[in-house]
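Q: In our numbering, the protein residues as written are 56 to 378.
Here a beta-carbon is modelled for each residue, glycine too, at the ideal position from N, C-alpha and C.
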Ligand SMILES: Nc1ncnc2c1ncn2[C@@H]1O[C@H](COP(=O)(O)OP(=O)(O)OP(=O)(O)O)[C@@H](O)[C@H]1O
């Protein structure tokens, strides 16, 4: 186990709102358990403000937990933070790259801080620049690079000392689709080399495509945890989304809920979502049942269940709306 966290909590004291006295307590993380296996790509998926960054910062020893314990890369985050730091890489949302230095200089500096000689640092920088297709832009000031190139420089800096565990906080936010796909490839390549990765994201497709396991985090708590396939299986394989004539939702909910093959029916935002397995074969039956009861359908769609359906099931709202 490269990460083993139990009951992690973090509260922040903030200034009271205008017109109020004293201070306020923000409970950013309310008791999180996480285990990440060696070589796993693990995602914390959740909307903005869910507590993902705070969780990662505690595990990376950047802030101390208010309560709870965590062992990261074999060391306790409270008792031995320096030992944890030597074994991890961390790429934050802001990137942490000096905009006025060249990318190469940033990587060399990080390598020197990690204890390499000048010669080793130069060699490592050249290796990383090649691995991230940055050789051509390596000697330009970072401020002149594109968003995707800056992110890759930040990623290279995070990887300088080949950490067994890399934390990536929202690594693809702000990247265009091509760079996003490249970054996914790079993360997969890290796994091939045996690096474990903990990334945070509010993109459902990213968590689904990239990670071995994930935790869905909402309001400072883990609401669901497992492989993408396991989580989706909890809600059923398929989802039928129906838009009905006004006033028909109640009757349709009862009717669909009574079909033995329908696992769950959820009214949401003017539509009904019915969860079922083997949707292609059940759909004709479902349509017949609605027709026989005189329920008019405005539109209908059959899709595979996604992690958003899992989020909806556990929180009562869609991650698309929450993010
Ligand atoms: N230093 C701080 N002081 C006060 N409140 C904070 C601090 N850091 C985070 N918070 C609050 O804690 C909650 C969780 O924030 P956090 O950044 O961990 O969420 P997140 O899931 O990473 O969201 P995002 O995707 O926007 O980064 C938020 O309500 C945030 O405003």
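1. Taking only heavy atoms of ligand 1 into account, decide whether any of them is closer than 6 angstroms to the Cβ of residue 222.
2. Taking all protein chains shown into account, do 16 or more other C-beta atoms lie within 10 angstroms of the C-beta of residue 251, making it buried, or fewer, making it exposed?
3. Is the beta carbon of residue 216 closer than 7 angstroms to that of residue 169?
4. Can you tell me whether DSSP reads residue 323 as helix, strand or coil?
5. One question on the structure: do residue 365 and residue 279 come within less than 7 angstroms of each other, judged by their Cβ atoms?
6. Could you compute how far the alpha carbon of residue 324 sits from the alpha carbon of residue 182?
7. Counting C-beta neighbours from all protein chains within 10 Å, is the total for residue 96 16 or more, i.e. buried, or is it exposed?
8. My output table needs one value for residue 328: the three-state DSSP class, helix, strand or coil.
9. If residue 357 and residue 338 are in contact, beta carbons under 8 angstroms, what's the gap, nearest whole angstrom?
10. Out of 269, 362, 184, 120, point me to the one whose CA is closest to residue 157's CA.
11. List, from N- to C-terminal side, the beta strand (DSSP E) runs of 3 residues or more that fit wholly inside the stretch 108-174.
12. How about residue 274: is its C-beta nearer than 7 angstroms to some C-beta of chain D?
13. Under the criterion of a Cβ to heavy atom distance below 6 angstroms, does residue 67 qualify as lining ligand 1?
14. From residue 227 to residue 265, what distance separates their C-alpha atoms?
15. Would you check if the distance between the CB atom of residue 110 and the CB atom of residue 84 is smaller than 7 angstroms?
16. Residue 300: buried (16+ other C-beta within 10 angstroms of its C-beta) or exposed?
A: So, to answer that:
1. no
2. buried
3. yes
4. strand
5. yes
6. 51 angstroms
7. buried
8. strand
9. 6 angstroms
10. 184
11. 122-127, 143-146
12. Here chain D cannot be found, since the structure has a single protein chain.
13. yes
14. 12 angstroms
15. yes
16. exposed
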